[in-house]
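Student: Residue numbers (the numbering used here), protein chains in the order written: chain A, 1 to 415; chain B, 416 to 830. For every residue, glycine included, the Cβ atom is placed at its ideal position computed from N, Cα and C. Below are the structure tokens for one structure; questions will follow.
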């Protein structure tokens, strides 16, 4: 019962897969995923799931704390750390402290599944630093609620949360199982706020994966392991507060895409709106996918080839690391419900049969206010692409550094 | 532009994968999936996606017809057949007849993805045979709306539909892409009714996959290719109506599982409720997973070892082929909405924060009324497992035989 699988550890195949992932990173863009089974080490200077090559499947889960006791929060982070350490290695978690007599250690739906590059990444929202836990003085200055952006239509069902867990794997059942083990530890401590699920398909040739607008997404990403990546993502030693050194910040935006409208837009228009050729990912100014866009190049008549309101031009000044996942949740909205006779006519702001698909844009940066906020302000103001998108969910979390064996995620904050 | 990938066709790896899948079938239970890339042939006596080893990911999509013209329905089935034939081979669909000038042939998010064992399977609901299309006389007698079962809490958002498409693949992005190409063909013809998405994780040892109660699911399934499978699933030659020969019927039930309650139930109770050991899948009467349950065996005190109200005992008399997928959609329910001042108090039957996870139970049988209905009646009446489940969606469709090259799915009905 202690082990989810008979054979654990990093296999030769996993090592080969990891080597392949590194090779793919070196080619630029997002790497193709390694073949499962592969184990991503949980411990380290940084939390896994950030520089880790994107897996095929992601579950983001947010919780609101109901406890007001920092010791309870500390125990929860210890507990989650133990769960993540064991489950990412293919082991069962240890028994829950509050389990009823005779209950199984876990739900069993993860039995026998290979680790599938599972990662579990934890973050603290602004609420952790409010009056409840005595941590206000240790709040990172960079952790602030995001401002309202033009066009935002945020739904509380996809916004905010005191705690977030990003659970990624190449096996959707393993991701579901792992998220469930986290939920099983919060009874009386925190309340589930929302769950969002995304996926990423990988071209067979190892090329940059695409979003639901058909665009290669992540071309401009810094490559994990490079100085540019570190400078973009990781909070450096000596930063304020010290407990965030080696950490980062997660901004998660749920960006609904108007797929039907987009699909009716001529391809040449789609390309002009992005500033790149959809098929190849090459900038309209020429070259191939990884050629730098030539923003000064003009076409017949003197107009810039990459338009002033194109996504590429507006987004280019801002450095961030995108680790997004597509989502396709189908028609959404109110469930049918009856009103007693005599109820007055009223507006449900009913979005039923809105088709909810798009991008769970997970952005990792060392300073959201300096990197994400000005980028999103520029895009919300002028990017033509935004006429096909609506931001319907949002959140920001401080993602503490990784845990070493014997420690836990958040230890430098919570002691 | 005509090809989604540079290299198509069945590779050596795909053939090896198919051989592996056959080997796994011979061991009983649901087979482990072949490694992608692999192409599942679309054409054949039967539609693909039924006897096909279950893929990792499924999207079920239902539509209601708005056309009343059988010729339009015929053209849609021709169009869908062409889409499925091409996309399952890694090719782009042909241009849409109603596409605006300059529009891309497809949405591009499938570019470069390997076929990932994609299958697309189509079915006709009872509505196809109502007064609209002149097909009432050709309605299969076995295609009837299911009766209401005890405990049903069916939500229209997951129930019914004139047409259904089951889209399965090992790559969730490819499944999303393929379903989108079907949607792109229905404008003015049909309206999207619902989308349901499921997944299946596969134990690394090739064992039977598990549902979200941690149980091996599919142990009693007949093995595809055997006479028992054919007798359970395929409508035989000479049946009434003749156009269904080689077809089958799909019953899809969305079974919400009370995961939190289940997880608090002692393991011994879970086993008693199922009639099997969760860990091994062996019946409580002894042996291993594929040992036939000994329903006559009694324990101390003379009580049957496999209880009278256990799932195994109640389900055993009924022959069906289960091709279910787990789902884990998170908290569900009404979106927040405001009422104008003066609105009277009223009940929204608000299920917000109900956690919606469970099983998309796809059952393939040659006669739902003789195979599925009595089974579900017996289970709904007495199975203790049903105290942990709620059926919240339902549908039944006639699944016509497969198409041969040059033909289309439903041709024997629609001419």
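1. Please give me, in chain order, every unbroken run of the beta strand (DSSP E) with length at least 3 that falls completely inside the segment 574-630 of chain B.
2. Could you spell out where the beta strand (DSSP E) holding residue 490 of chain B opens and where it closes?
3. Against residue 522 of chain B, what residues of chain A qualify as contacts under a CB-to-CB distance less than 8 Å, listed in chain order?
4. So what does residue 141 of chain A bridge to, in DSSP terms?
5. Let me know the secondary structure DSSP gives residue 543 of chain B once reduced to three states.
6. Report all residues from its chain with a CB closer than 6 Å to the CB of residue 243 of chain A; omit the five preceding and five following residues, and keep chain order.
7. Which residues in the same chain as residue 833 of chain B place their Cβ atom closer than 8 Å to its Cβ, once the five residues preceding and following it in sequence are excluded?
8. Counting along the chain, where does the alpha helix (DSSP H) carrying residue 263 of chain A start and finish?
9. Along the chain, where does the beta strand (DSSP E) containing residue 361 of chain A start, and where does it finish?
10. So, for residue 379 of chain A: in the same chain, excluding its five sequence neighbours on each side, which residues have a beta-carbon less than 8 Å away from its beta-carbon?
11. Can you name the residues that DSSP bridges to residue 671 of chain B?
12. Tell me the DSSP secondary structure of residue 33 of chain A in three-state form.
13. With a cut-off of 8 Å on the beta carbons, I'd call residue 572 of chain B and residue 609 of chain B a contact; round off their distance for me.
14. Looking only at C-alpha atoms, which of B:796, B:781, B:784, B:808 sits nearest to residue 773 of chain B?
15. For residue 597 of chain B and residue 388 of chain A, I'd like the C-alpha separation in whole angstroms.
16. Quick one: is residue 94 of chain A buried, meaning 16 or more other Cβ sit within 10 Å of its Cβ, or exposed?
17. On a Cα-Cα basis, can you pick out the residue from B:784, B:703, B:525 that is closest to residue 733 of chain B?
18. Can you find at least 3 beta carbon pairs, one from the segment 45-61 of chain A and one from the segment 146-157 of chain A, that sit closer than 8 Å?
19. Pick out whichever of A:130, A:72, A:89 has its Cα sitting closest to the Cα of residue 188 of chain A.
20. At 3 residues or longer, what runs of the beta strand (DSSP E) sit wholly inside the segment 706-735 of chain B?
21. Nearest-angstrom Cα distance between residue 816 of chain B and residue 199 of chain A?
22. Would a C-beta distance cut-off of 8 Å place residue 593 of chain B and residue 472 of chain B closer than the cut-off?
23. Beta-carbon within less than 7 Å of residue 98 of chain A's beta-carbon, same chain only, minus the 5 sequence neighbours each way: which residues are those?
24. In three-state DSSP terms, what is residue 460 of chain B?
25. Assuming residue 362 of chain A and residue 324 of chain A are in contact, meaning their beta carbons sit under 8 Å apart, how far apart are those beta carbons, in whole angstroms?
26. Would you list the residues sitting across from residue 325 of chain A in a DSSP beta bridge?
27. With a threshold of 8 Å, are at least 3 pairs of Cβ atoms found where one atom belongs to the segment 515-533 of chain B and the other to the segment 262-273 of chain A?
28. Taking the straight line between their C-alpha atoms, what separation do you get for residue 561 of chain B and residue 569 of chain B?
29. So that I know if they touch, is there some Cβ in chain A lying closer than 8 Å to that of residue 518 of chain B?
30. As a quick exercise: from A:239, A:59, A:88, pick the residue whose alpha carbon is nearest that of residue 141 of chain A.
31. Suppose you measure from the CA of residue 263 of chain A to the CA of residue 480 of chain B; what does that come to, to the nearest Å?
32. Measuring alpha carbon to alpha carbon, tell me which residue in B:646, B:671, B:719, B:455 is nearest residue 786 of chain B.
33. Under the three-state reduction of DSSP, which class applies to residue 64 of chain A: helix, strand or coil?
34. CB residue 612 of chain B to CB residue 742 of chain B, shorter than 8 Å?
35. Taking the alpha helix (DSSP H) that residue 699 of chain B falls in, what are its first and last residues?
36. Please name the residue, chosen from A:399, A:92, A:87, A:63, that lies closest to residue 248 of chain A on a Cα-to-Cα basis.
Tutor: Short version:
1. Fully enclosed beta strand (DSSP E) runs of 3 or longer: 578-584, 605-614.
2. Annotation: residue 490 of chain B is outside any beta strand (DSSP E); the continuous alpha helix (DSSP H) that includes it extends over 485-503.
3. Residues of chain A passing the Cβ test: 212, 213, 214, 259, 262, 263.
4. The partner list for residue 141 of chain A (beta bridge, DSSP) is empty, contrary to what the question assumes.
5. Note: residue 543 of chain B maps to helix in three-state DSSP.
6. Around residue 243 of chain A: 412, 413.
7. Chain B is shown from 416 up to 830; residue 833 of chain B falls before or after that span and cannot be answered.
8. Per DSSP, the unbroken alpha helix (DSSP H) holding residue 263 of chain A starts and ends at 259-263.
9. Segment 354-365, the beta strand (DSSP E) holding residue 361 of chain A.
10. If we look at residue 379 of chain A and ignore the five residues flanking it on each side, its Cβ neighbours are 311, 314, 315, 385, 386.
11. Beta-bridge pairing links residue 671 of chain B to B:773, B:805.
12. With a pLDDT of only 45 at residue 33 of chain A, under 50, the local geometry of the prediction cannot be trusted, and the value read off the model is given with reservation. Coil.
13. That pair is a contact at about 6 Å.
14. Answer by Cα proximity: B:808.
15. C-alpha separation (whole angstroms): 21 Å.
16. That one is exposed.
17. That would be B:784, whose Cα lies nearest to the Cα of residue 733 of chain B.
18. Contact fails: fewer than three Cβ-Cβ distances are below 8 Å.
19. Cα-wise, what sits closest to residue 188 of chain A is A:72.
20. Secondary structure remark: continuous beta strand (DSSP E) runs of at least 3 residues inside the segment 706-735 of chain B: none found.
21. Spanning the two alpha carbons is a distance of roughly 32 Å.
22. Not in contact: residue 593 of chain B and residue 472 of chain B (Cβ atoms no closer than 8 Å).
23. Excluding residues within five positions, the ones whose Cβ falls inside 7 Å are 187.
24. Reduced to three states, the DSSP call for residue 460 of chain B is coil.
25. 6 Å between Cβ atoms; contact.
26. DSSP, once it has assigned bridges, lists A:360 as partnering residue 325 of chain A.
27. Segments in contact, yes.
28. The alpha-carbon atoms of residue 561 of chain B and residue 569 of chain B are separated by roughly 12 Å.
29. At least one chain A Cβ lies under 8 Å of residue 518 of chain B.
30. It is A:239 whose Cα lies nearest to the Cα of residue 141 of chain A.
31. Taking the straight line from one Cα to the other gives about 22 Å.
32. Comparing C-alpha distances from residue 786 of chain B to each of B:646, B:671, B:719, B:455 shows the shortest one belongs to B:646.
33. The three-state secondary structure of residue 64 of chain A, taken from DSSP, is strand.
34. Contact flag set, yes.
35. From DSSP, residue 699 of chain B is part of no alpha helix (DSSP H); its letter is neither H nor E.
36. Of the residues A:399, A:92, A:87, A:63, the one whose Cα lies closest to the Cα of residue 248 of chain A is A:399.
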